[in-house]
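Numbering (our numbering), first residue to last: 183 to 364.
The C-beta atom is built at its ideal place from N, Cα and C for all residues, glycine as well.
Remember, predicted model here, so these are calculated numbers, not experimental data.
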């Protein structure tokens, strides 16, 4: 399966796993383009496709000396998982109560556990994957959370004479897609 397919599988599994966390289900979840996911708001989750590279020994990048153009090439791709939650500030901008800080830390770490479970359940047997570290994000602007990068094996190799199907025929666009006649 290609990168977008893996990203949507992971996003779908992530939203399911977040339902049973301390902070609960997010209000908005999407596959996100670009090289960063801004903190759009609270209760959001994203999977962002990142780097893609050829590999002979997953997840190591291919050494050009190993390249055999007559053979299919394996690929690896990074998928960044991001979950943002609300971070409440006090009315007088003083330090929050210790119980509030502890609760926010528990929420973030429970989300981290949900991210790891989502990876295991989305890809399971047959897909090569490697979880990188979970990294806290924020607090900033009333938002905190965390991110984790997962490296997955993807199927991108295609012979030059193959008829490649259009992308939208493999993955139906979301309603409202500006590139699709509605």
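Rounded to whole angstroms, the Cβ separation of residue 331 and residue 314 is 4 Å, and the two are in contact under 8 Å.
Straight-line measurement puts the Cα of residue 196 at about 13 Å from the Cα of residue 230. DSSP, read as helix, strand or coil, puts residue 230 in strand. Contact annotation, residue 293 with residue 200: C-beta distance approximately 7 Å; criterion of less than 8 Å satisfied.
Residue 300 and residue 184 have their alpha carbons spaced roughly 18 Å apart. No residue range can be given for residue 240, since it is assigned to no beta strand (DSSP E) and is classified by DSSP as neither H nor E.
Rounded to whole angstroms, the separation of the alpha carbons of residue 227 and residue 323 is 17 Å. Residue 273 sits in coil when the DSSP states are folded into three classes, being neither helix nor strand.
Three or more Cβ pairs closer than 8 Å define a contact, and the region 199 to 214 falls short of that threshold against the region 238 to 245. Here the C-alpha atom of residue 267 lies approximately 45 Å from the C-alpha atom of residue 342. Annotated three-state conformation of residue 312 is strand, per DSSP.
With contacts defined by Cβ atoms closer than 8 Å, residue 265 and residue 327 form a contacting pair.
Judged by DSSP secondary structure, residue 191 falls outside any beta strand (DSSP E) and instead within the alpha helix (DSSP H) spanning 185 to 200. If you ignore the 5 residues before and after residue 297, its C-beta comes within less than 8 Å of the C-beta of 196, 199, 263, 265, 316, 328, 330, all in its own chain and listed in chain order. Residue pairing by DSSP puts residue 265 in a beta bridge opposite 227, 328. For the 8 Å CB-CB criterion, residue 309 and residue 346 do not form a contact.
The beta carbons of residue 212 and residue 261 sit no closer together than 8 Å.
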